[in-house]
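Trainee: Top to bottom, those sequences are chains A and B.
Oh and the first sequence: position 44 is 230 in this note's numbering, straight run, nothing missing.
Oh and the second sequence: position 276 is 280 in this note's numbering, straight run, nothing missing.
From the three backbone atoms N, C-alpha and C, an ideal C-beta is built for every residue, glycine too.
Sending over a structure as structure tokens; questions will come in a sec.
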Amino acid sequence: MKAWRIILAAAGILLGLFGVYRLFTQIPLSSLVALGVWLLAALLIHDGILAPAVVGLGLLLRRFVPDRGRRYLQAALLMGALVTVVALPMMYLRGSQPPVKALLLRNYGLDLTLILGLIAAITLSLYAIRVARDSNSADPDNRGDERQPS
Amino acid sequence: MPRERPRWWPSFSSTLRSTAVTSRIGLVLGIAIAILFVTGLLSHYQYEPWRWLPVPAKPMWGYRLTQGVHVAVGIATIPLLLFKLWSVYPNQFRFPPVRSIRHAIARVTVAILVATALVQVTTGFLNVLNWYPFAWFFPPVHRFLGYVLVGSLLLHIGVKLPDIAYGLRAKVSEADVLTEIPWDENPASHSNAGTLPDPPTPGISRRGMLAAAGAGMGVIVITSVGQTVTPLEPLGLLAARQWTKGPQGVPVNRTAEQAQVMAAATAPDWVLKVVGPRPYALTLAELELRTVHQARLPISCVEGWSVGATWRGLSLLEIVQQAGGTTDSRVQVLSLESVGYNHSFVEGPQLTAALLATHLNGERLDLDHGYPLRLIAPNRPGVLNTKWLARIEVLS
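Have a look at this one:
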């Protein structure tokens, strides 16, 4: 394993330095400054805003949502959040292009609502099945701590 | 520096994060980035091929496949990357923040990796959406930043290889919990505590979480890939392009108005100048007489959309041969457009297969598709299929 680690690290450093060299020799300084701002902003926005918000939401769910329903809500929120990340810029940019480009013509807000609605419907159905099963179960101790099949 | 962490120091108690989970997400992300790197380099090769290795004409759907994959995987990598970063977020809060020079270097290289990955997928997606809020020319920066990203990723894999090996061997449900305390320093960490019952996960399980994230990314791929897998267009709720909405069933990337060629392209006295050992010119009427070749060829954009179409037109090779060129000639085609991607080079197998198209899907070429004449060749990026042709130069 040690040889592999050294090979990977050495190759990575060389390739990374090549990229930095190409950036600094081919790209104008003003562009590099803007790129630097974006790189820094990406770190700050992710680590400082997005990630803490997700952690905070998780804590709120743990505190306020009962165990049995929480796993379904978590799954739905996770799926929905991932789709929303991709849909948001398209919603924002809808209609920004000449129509012949056939680009960003859809009503992405409606499309996202449809997808989120579908996700909600599926997870709610699964949750309802779970509740129905639990209420049929003779042993109340089993409620809510079975592992989720996936 | 105090050895004990302060009481206010953030701590993480979720049992969802684990080295086993992170290494699995990381494996998928690594494969995705490898695919993006290879398909990205293949795309770059289309723009700057070596003279001795011209771009092949077969398979004609080659670029359609590689660039469609590049953009589809790239879009799916946005949520994948965020998921990966979520899974290791507690690492940011290890105490003390910097333990040694070596640790400081490691943290800086990880920061470079994370920043380049985030900017790479974000700006790539914005380029697909034709939105440029960033003050640099996208293609070269995307390529060079790709080198930095893949380089720092290889370094990261080298540094983390023992953790990756442990994580991939461990069962998802049983491996240690990843918190702000490194697992190998944490006696209470699950894997270090011997055979214990599963950690308490009263909410979603790790498997359930991986399945939900996979499903979310699956939804994104299925609802966006219709812009290149044309039969899936009806499912394309999140597709940027809709090929059915383009004129003559083909989307447009640069309109005649944007290119400022409206007047020149519709002028009745338009001629195609052919420059070579035996120069000549073709009028609009002469074009029509020679429109005898037909081909079914996809047009595949670097921005990830593509669609198959039926093209009719003239054989570029015949035009070149009439001017004294051969199948070995290097040919430059030039547009009426004065800026941007207003020319391209054709040689080798693509020269033999290329058409100068006058008709698209049975109709005279739309002005936005390059009327009166455009290049169309197999296995070639859309932007290099130059539109509104004015001049053909046989260079050798």
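Which value, in whole angstroms, describes the spacing of the CA atoms of Leu312 of chain A and Tyr258 of chain A?
Mentor: So the two alpha carbons sit approximately 8 Å from each other.
Trainee: Using a Cβ-Cβ distance under 9 Å, would Ile193 of chain A count as near chain B?
Mentor: Answer yes: the Cβ-Cβ gap between Ile193 of chain A and chain B drops below 9 Å somewhere.
Trainee: If you follow the beta strand (DSSP E) that Gln336 of chain B is part of, which residue opens it and which one closes it?
Mentor: Per DSSP, Gln336 of chain B belongs to the beta strand (DSSP E) from 335-339.
Trainee: Quick check: does the Cβ of Leu200 of chain A come within less than 8 Å of any heavy atom belonging to the ligand FMN?
Mentor: Ligands in the displayed structure: none, and consequently the ligand FMN is not present.
Trainee: Cβ atoms of Leu264 of chain A and Ala216 of chain B: under 9 Å apart, would you say?
Mentor: It is a contact, given that the beta carbons lie within the stated cut-off.
Trainee: Could you give the distance in angstroms between the alpha-carbon of Ser216 of chain A and the alpha-carbon of Ala139 of chain B?
Mentor: Going by the C-alpha atoms only, they are around 8 Å apart.
Trainee: Within 10 Å of its beta-carbon, does Gly222 of chain B have 16 or more other beta-carbons around it, so buried, or fewer, so exposed?
Mentor: Exposed: under 16 other Cβ atoms inside 10 Å.
Trainee: What's the gap between the Cα of Ala219 of chain B and the Cα of Ser156 of chain B?
Mentor: Cα to Cα, the separation comes out at about 29 Å.
Trainee: Just how far apart, CA to CA, sit Phe87 of chain B and Phe99 of chain B?
Mentor: Going from the Cα of Phe87 of chain B to the Cα of Phe99 of chain B covers about 23 Å.
Trainee: So Arg245 of chain B contacts chain A; which residues on that side make the cut at Cβ distance below 7 Å?
Mentor: Ala288, Leu289, listed in chain order.
Trainee: Assuming Leu20 of chain B and Met213 of chain B form a contact by the criterion Cβ under 8 Å, report the distance between their Cβ atoms to the nearest whole angstrom.
Mentor: Yes, Leu20 of chain B and Met213 of chain B are in contact; Cβ-Cβ is about 6 Å, under 8 Å.
Trainee: From the DSSP output, read off the bridge partner residues of Gly312 of chain B.
Mentor: Note: Gly312 of chain B sits in a beta bridge opposite B:Pro302.
Trainee: What does Leu89 of chain B reach in chain A if we use C-beta pairs closer than 9 Å?
Mentor: Per Cβ cutoff of 9 Å: His232, Asp233, Leu236, Ala237.
Trainee: With a threshold of 16 other CB atoms inside 10 Å of the CB of Arg11 of chain B, please say whether the residue is buried or exposed.
Mentor: Counting Cβ neighbours within 10 Å, Arg11 of chain B comes out exposed, since fewer than 16 surround it.
Trainee: Roughly how many whole angstroms lie between the Cα atoms of Thr126 of chain B and Arg249 of chain A?
Mentor: Each residue's Cα considered, the two are about 33 Å apart.
Trainee: How far does the alpha helix (DSSP H) with Arg254 of chain A in it reach, from first residue to last?
Mentor: Its alpha helix (DSSP H) spans residues 253-279.
Trainee: Please report the distance separating the alpha-carbon of Arg282 of chain B from that of Val324 of chain B.
Mentor: Spanning the two alpha carbons is a distance of roughly 10 Å.
Trainee: Check whether the stretch 25-35 of chain B and the stretch 167-184 of chain B are in contact - that is, three or more C-beta pairs closer than 8 Å.
Mentor: Enough Cβ pairs lie closer than 8 Å, so yes.
Trainee: When you compare only the Cα positions, how much space is there between Asp320 of chain A and Ala314 of chain A?
Mentor: Going from the Cα of Asp320 of chain A to the Cα of Ala314 of chain A covers about 10 Å.
Trainee: Quick check: Leu301 of chain B and Leu298 of chain A, are their CB atoms within less than 9 Å of each other?
Mentor: Cβ distance not < 9 Å, so Leu301 of chain B and Leu298 of chain A don't count as in contact.
Trainee: What residue does the beta strand (DSSP E) around Phe4 of chain B start on, and which one ends it?
Mentor: Any property of residue 4 of chain B remains undetermined from this structure, which presents chain B solely from 5 to 400.
Trainee: Is there contact between the stretch 225-245 of chain A and the stretch 172-183 of chain B, where contact requires at least three CB pairs shorter than 8 Å?
Mentor: Touching, no, given that fewer than three Cβ pairs across the two stretches are closer than 8 Å.
Trainee: Consider the Cβ of Tyr93 of chain B: report whether some Cβ of chain A lies at a distance smaller than 9 Å.
Mentor: By this cut-off, Tyr93 of chain B is an interface position.
Trainee: Do the stretch 361-377 of chain B and the stretch 63-80 of chain B meet, that is, are 3 or more Cβ pairs less than 8 Å apart?
Mentor: Touching, no, given that fewer than three Cβ pairs across the two stretches are closer than 8 Å.
Trainee: Identify, in the order they occur along the chain, each residue of the same chain with its Cβ nearer than 6 Å to the Cβ of Thr314 of chain B, setting aside the five sequence neighbours on each side.
Mentor: These residues qualify, in order along the chain: Arg300, Asn365.
Trainee: Excluding the five sequence neighbours on either side, which residues of its own chain have a C-beta within less than 7 Å of the C-beta of Met5 of chain B, listed in chain order?
Mentor: Because Met5 of chain B sits at a pLDDT of 48, beneath the cut-off of 50, its placement in the model cannot be relied upon, and the point is left open.
Trainee: Grouping DSSP H, G and I as helix and E and B as strand, with all else coil, what is Arg103 of chain B?
Mentor: It is coil, neither helix nor strand.
Trainee: Beta-carbon within less than 8 Å of Leu85 of chain B's beta-carbon, same chain only, minus the 5 sequence neighbours each way: which residues are those?
Mentor: Hits under 8 Å: Leu33, Ala121, Leu122, Val125.
Trainee: To the nearest angstrom, report how far apart Ala307 of chain A and Leu247 of chain A are at their CA atoms.
Mentor: Cα-Cα distance, rounded: 20 Å.
Trainee: What in chain B is Cβ-close to Val240 of chain A, meaning under 9 Å?
Mentor: Chain B residues near Val240 of chain A: Leu86, Trp90, Tyr93.
Trainee: Contact defined as beta carbons within less than 8 Å: I believe Asn376 of chain B pairs with Thr362 of chain B. What is the distance between those atoms, to the nearest angstrom?
Mentor: Here the sequence assigns Pro to residue 376 of chain B, which means Asn is not the residue at that position. About 7 Å separates the two Cβ atoms, so the contact holds.
Trainee: For Ile301 of chain A, return the contacting residues in chain B, with the cut-off set at a CB-CB distance below 8 Å.
Mentor: Residues of chain B passing the Cβ test: Val223, Thr227, Leu241, Leu242.
Trainee: Using only alpha-carbon positions, find the residue among B:Val225, B:Ile116, B:Ala244 that is nearest to Val206 of chain A.
Mentor: Ranking the options by Cα distance to Val206 of chain A, first place goes to B:Ile116.
Trainee: The beta strand (DSSP E) with Leu393 of chain B in it runs from where to where?
Mentor: It spans 393-398 - the beta strand (DSSP E) in which Leu393 of chain B sits, taken as one unbroken run.
Trainee: Rounded to the nearest angstrom, how far is the Cβ of Leu159 of chain B from that of Ala195 of chain A, given a contact under 8 Å?
Mentor: With a Cβ gap of about 5 Å, Leu159 of chain B and Ala195 of chain A count as contacting.
Trainee: Can you check which of these residues, B:Leu69, B:Ser17, B:Tyr49, B:Ala61, is closest to Val311 of chain B by C-alpha distance?
Mentor: The shortest Cα separation from Val311 of chain B among B:Leu69, B:Ser17, B:Tyr49, B:Ala61 belongs to B:Leu69.
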